Structures are given as structure tokens and as C-alpha cells.
Amino acid sequence: MIRQNTALVIQNTQNYAVKRHASFPVPSEQELLIQVLYSGINPADVKHEDLGIDTTTLGYDFCGQVMGGHDVEMVNMQFKEGDIVAGYTPTGIGRPSKFGSHQDYLVCPVDMMFKVPDNVPRSHAACLTVTTMTAADIVFNLFGLHLSDENKLLSHADAILIWGAAGGVGSATVQFAKIAGFKHILAVASIARHHELKLLGATACFEYKQPDAVDKIRTHAKKHNFKISYGVDAVGTIGQNNSADMVRRSCHADAQLVSTVLRSQKTFKLPFAMKNRDIQLKVHAFVTPRYMKWLQPWVPKIKVSLSRNEGDHQKAWQALMYAVGHYGQDFHRMSSVQECSRDAEQALDKVKAVAAGTGGSGKWVVPHPFA
């Protein structure tokens, strides 16, 4: 039987296309061939081109069916042919096209996938891993907390602020913060999402569009006699009055700070969903945030290396497995998972729109096979 593989690709800098009859992926040792059922859309699918990840197939998140593998015994029988699995795939400069999730067949390392339980809809499973692993890295690695409510590092007076709490990373961070034992969880998002965020665990919500949002957050903390010791920028805007600046101004002077994009300020740590691989990226040399919007296209790039940290990866993976196992119960279902068109050209348009911030609210998945 001849199987056709259609893929959404970046052919070189900012040249995105639908590729019919793409190369059929071939697994190596400790990898499995997956027939994709749904691929999850993340801003990183396109934005990672700015990190030197180009000439490859787009996408990281997926849910699919195991077709086979390099090893006859299917990697110690951890998975078998026909299993429904989900996960994410490796990144970095020189990323092989076989790892892209926006194609009808992909290859995934066995340590980056899990069997999908009955409590998780397949379309939801296709967009869980990247955002949940990023949120877990924030709470349980960068902040050094634990997957329980017995964190000795926290006091009743400690609070966490999450700017962009309604997004995938933000909403998962809210829930992990609750599990970790925070008594004060401050969420910044559009007012339409405040009720939902309080159901997830937020104790106070603020409207990010209000010009005095920072003042209201600081006043709230003073009124209730706690300090914002942990700050998360889950939005990643740049330029003047960017989301990281809003977080820094809202938090206590000695707060631990995280941003989901690389910042020039050393006070901000960068979370990463994938810590079980050595990864090389290219980033722009830093310029003052005020001028970043205009100067970035001309600023030279430098190569950076991220070393694997198996301990951090295992802690984040444990948190992901908690979320999967308790999905729809202690870990809330994503409120809005929408399927875009199966038409490959239209799907590519949606991938680019999500990266540009014009894709609409909620999470989007691509159903496969492509039309």
C-alpha cells in the first residue's frame, strides 16, 4: 500500500508552504512511526523560525496511532502497534523534518510520548504537552516547588502573579500553582476569562487592558498583606511597556521572575518544555526593549546551547502525567479546543494566524489526514 504524506513546511526563512508527497518519515532506534490523528497548533510552530529552526516540517504537539518502529520488540513493549499516543517532538537547529507534527505521518522518540487514557479526548491530547511541560518547568524547576501542597519554601504571605493566565501556559501554571500550595494566585487576562480562571484556582483576577493594572495589583497585595514573590510573563510581548515590564513592576523587588521569551534582563529566567535533549538555537543579540521592535531585523544572531537536564525533565514529565491522569477532574479540561479545516492550505493559514496572535481564543488542532 502506497501511503502519501502531506506536510506543512518552512522551506527557508519565512517561506511557508504545503508540501504534497513529502518524504515518508523513517524511525531510528528508540523512535516510533506515528500516523497523525490531530496536530496541535502553538505559536512556536512559526516563531521558532526566529531561533534558527527552518527548512523543516512545522509543529510539535500531536496525537496519533503507533504504526511501527525500528526495534522489532517495539522498544521493550512499552508501546505496541495500534496504541493511541500523544506527545511532542524534538527541536533545535537542524531539526529533521520527520519530527514535524503538521504532517500525516511523523516520527517521535519513545521518551517524548504517552498512551492517551480514556479520560482525555484525542483532540485535547494533541495540544497538552508543550504548554503543560512549559508550565511545569516554571513551577517545579525554575521556582523549585513540588507537586504537592506541602512546599516548605512557601509561606501564607507568598503570592504568584501570572500575566497572560488565560493562555495554554498561563492556565496550566494557575493550576500547578494551586497544586503547589499557593494561597494567593493572581491572574491577569481579559475580563471574559476571569470566571474560568477562578474555577482553575485564581484567587484574584485583573484586566490587562486597564492602564492602571499594575497599580491595582500592588494595591491588592498591600491590602491583603502579602507579597508577590513569584512572577510569570506568559505572554512574551516586546517593546515599551511589554508584559515582562508589567510583571516586574507588579512584583516584590526580590521576586523570582520568568518569561516565556528570552529577555535581556537577567532577572527573568526562561522556561523550556524540552529538557531531555541538548539543543542549539540562534537568538538576536540583545538591544534595549524600547528599540527592539524596530532594530531586531538588523541585529545579528548568536548561537546558544541549552544543555539537557534529565532531572528537570523528569519532574516536568511527572507533572504532565499528573495532568493527563487527572484531566477533567483535579486538572481541568481545556475550555476551548477547536478543529481547523482539514484543507492543508487553510490549516497553514491558521498556524500562521495563531503565531501572529490573530487566531482567536482557545487551542486549535489540525485533523488528519490532510485534504
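For the sequence shown, full-length UniProt numbering assigns the number 1 to the initial residue and increments by one for each residue that follows.
By construction, the Cβ of each residue, glycine as well, lies at the ideal position given by its N, Cα and C atoms.
Since the structure is predicted, the reported quantities are computational estimates derived from the model, not experimental observations.
Taking just the CA atoms, how far does A355 sit from W294?
Within the sequence shown, residue 294 is the residue found at index 294, counting from 1. Within the sequence shown, residue 355 is the residue found at index 355, counting from 1. Per-residue confidence for W294 stands at a pLDDT of 47, beneath the threshold of 50, marking its modelled position as unreliable; the derived number appears in the next sentence. Roughly 19 Å between the two C-alpha positions.
Just to confirm the assignment, what range does the alpha helix (DSSP H) spanning M67 have?
Within the sequence shown, the letter at position 67 stands for residue 67. M67 -> not in any alpha helix (DSSP H); beta strand (DSSP E) instead, spanning 61-69.
Write down the C-beta distance between G328 and S243 rounded to the nearest angstrom, noting that I regard them as a contact closer than 8 Å.
For this step, residue 328 is matched to residue 328 along the sequence shown. For this step, residue 243 is matched to residue 243 along the sequence shown. With a Cβ gap of about 30 Å, G328 and S243 do not count as contacting.
Assess, as a yes-or-no matter, whether the segment 125-140 is touched by the segment 167-177 under the definition of 3 or more beta carbon pairs within less than 8 Å.
yes
Range covered by the beta strand (DSSP E) that runs through H184:
Numbered from 1 along the sequence shown, position 184 holds the residue referred to as residue 184. Residues 184-189.
On the CB-based measure, 16 or more other CB atoms within 10 Å of its CB, does T129 come out buried or exposed?
Position 129 of the sequence shown holds residue 129. Classification for T129: buried.
If you drop the 5 nearest sequence neighbours on each side, which residues of the same chain put their C-beta closer than 8 Å to that of H146?
As a working mapping, residue 146 is identified with position 146 in the sequence shown. Contacts found: F140, A180.
Nearest-angstrom Cα separation, counted from G59 out to P367
If you number the sequence shown from 1, residue 367 lands on position 367. If you number the sequence shown from 1, residue 59 lands on position 59. Each residue's alpha carbon lies about 13 Å from the other.
In this structure, how does DSSP classify L33 when only helix, strand and coil are distinguished?
What you label residue 33 is simply residue 33 of the sequence shown in a count that begins at 1. Strand at L33.
Rounded Cβ spacing between C205 and A187 (contact assumed at less than 8 Å):
If you number the sequence shown from 1, residue 205 lands on position 205. If you number the sequence shown from 1, residue 187 lands on position 187. Going by Cβ atoms, the distance from C205 to A187 rounds to 5 Å, so yes, they are a contact pair.
Validate contact between the segment 253-273 and the segment 223-232 using beta carbons, cut 8 Å, 3 pairs:
yes
Mind pulling the alpha helix (DSSP H) runs of 4 or more residues that sit fully within the segment 77-120?
none
Status (buried if at least 16 other CB within 10 Å, exposed otherwise) for N119:
Here residue 119 corresponds to residue number 119 of the sequence shown, with the count starting at 1. So N119 ends up on the exposed side.
For A221, name the three-state secondary structure that DSSP assigns.
Your numbering for residue 221 matches position 221 in the sequence shown. Helix, per DSSP.
Candidates R3, S23, T6, D45, of which the one nearest V351 by Cα
Reading the sequence shown from its first residue, position 351 is the one you call residue 351. Out of R3, S23, T6, D45, D45 has the C-alpha closest to the C-alpha of V351.
Quick check on DSSP: helix, strand or coil for D50?
The residue you call residue 50 lines up with position 50 of the sequence shown. The answer is helix: DSSP assigns D50 an H, G or I state.
Rounded to the nearest angstrom, what separates M67 and V337 at their Cα positions?
By one-based count along the sequence shown, residue 67 stands at place 67. By one-based count along the sequence shown, residue 337 stands at place 337. Distance between the alpha carbons of M67 and V337: 26 Å.
According to the Cβ coordinates, are I93 and I34 closer than 8 Å?
Counted from its first residue, the sequence shown places residue 93 at position 93. Counted from its first residue, the sequence shown places residue 34 at position 34. Contact: no.
Should K223 go down as buried or exposed, given a rule of 16 or more other Cβ atoms within 10 Å for buried?
Reading the sequence shown from its first residue, position 223 is the one you call residue 223. Flag for K223 reads exposed.
In angstroms with no decimal places, state the Cα-to-Cα distance between E196 and T57.
The sequence position of residue 196 within the sequence shown is 196, counting from 1. The sequence position of residue 57 within the sequence shown is 57, counting from 1. Roughly 35 Å between the two C-alpha positions.
Going by the beta-carbon positions, is the gap between G103 and N5 smaller than 8 Å?
Locating residue 103 in the sequence shown gives position 103, counting from the first residue. Locating residue 5 in the sequence shown gives position 5, counting from the first residue. In the sequence under discussion, the amino acid at residue 103 is Gln, which differs from the Gly named in the question. Contact flag set, yes.
Taking F272 as the reference, which of N309, F370, I217, L106 has the closest Cα?
Start at 1 with the first residue of the sequence shown, and residue 272 comes out as number 272. Checking every option, the nearest Cα to that of F272 belongs to N309.
How many angstroms separate the CA atom of S23 from the CA atom of Q11?
Working through the sequence shown from its first residue, we reach residue 23 at position 23. Working through the sequence shown from its first residue, we reach residue 11 at position 11. For S23 and Q11, the distance between alpha carbons rounds to 14 Å.
Helix, strand or coil: how does DSSP classify Q280 here?
The sequence position of residue 280 within the sequence shown is 280, counting from 1. Note: Q280 maps to strand in three-state DSSP.
Does the Cβ-Cβ distance between S39 and V365 come in under 8 Å?
As a working note, residue 39 is residue 39 in the sequence shown. As a working note, residue 365 is residue 365 in the sequence shown. Contact flag set, yes.
State the DSSP-derived secondary structure class of K352, mapped to helix, strand or coil.
Taking the sequence shown and counting its residues from 1, the one referred to as residue 352 is at position 352. DSSP places K352 in helix when its eight states are reduced to three.
Any idea if G359 is buried or exposed, counting beta-carbon neighbours within 10 angstroms, 16 or more meaning buried?
Residue numbering aside, residue 359 sits at position 359 when the sequence shown is read from its first letter. When all chains shown are included, G359 counts as buried.
Is the beta carbon of E339 less than 8 Å from the beta carbon of S123?
Taking the sequence shown and counting its residues from 1, one reaches residue 339 at position 339. Taking the sequence shown and counting its residues from 1, one reaches residue 123 at position 123. Result yes, Cβ atoms of E339 and S123 sit closer than 8 Å.
Could you check whether S190 and A166 sit closer than 8 Å to each other, using their CB atoms as the reference points?
Sequence index remark: in the sequence shown, residue 166 carries index 166 (1-based). Sequence index remark: in the sequence shown, residue 190 carries index 190 (1-based). Result yes, Cβ atoms of A166 and S190 sit closer than 8 Å.
What's the call for S307, buried or exposed, on a 16-neighbour Cβ count within 10 Å?
Locating residue 307 in the sequence shown gives position 307, where the first residue counts as 1. Counting Cβ neighbours within 10 Å, S307 comes out exposed, since fewer than 16 surround it.
Report the rounded CA-to-CA distance for F268 versus S259, giving the unit in angstroms.
In the sequence shown, the residue the question calls residue 268 occupies position 268. In the sequence shown, the residue the question calls residue 259 occupies position 259. Cα to Cα, F268 sits roughly 6 Å from S259.
Suppose contacts are defined by Cβ-Cβ distances below 8 Å. Is K98 in contact with V26 by that definition?
For the purposes of this step, residue 98 is taken as the residue at position 98 of the sequence shown. For the purposes of this step, residue 26 is taken as the residue at position 26 of the sequence shown. It is a contact, given that the beta carbons lie within the stated cut-off.
Work out the CA separation of H332 and S341 for me, nearest whole Å.
Your numbering for residue 341 matches position 341 in the sequence shown. Your numbering for residue 332 matches position 332 in the sequence shown. Taking the straight line from one Cα to the other gives about 26 Å.
Considering only their Cβ atoms, is the gap separating C127 from D61 smaller than 8 Å?
Here residue 61 refers to the residue found at position 61 of the sequence shown. Here residue 127 refers to the residue found at position 127 of the sequence shown. Against a cut-off of 8 Å, the Cβ pair of C127 and D61 comes out as a contact.
Please report the distance separating the alpha-carbon of E207 from that of Y105.
Taking the sequence shown and counting its residues from 1, the one referred to as residue 207 is at position 207. Taking the sequence shown and counting its residues from 1, the one referred to as residue 105 is at position 105. Looking at the two C-alpha atoms, the distance is approximately 42 Å.
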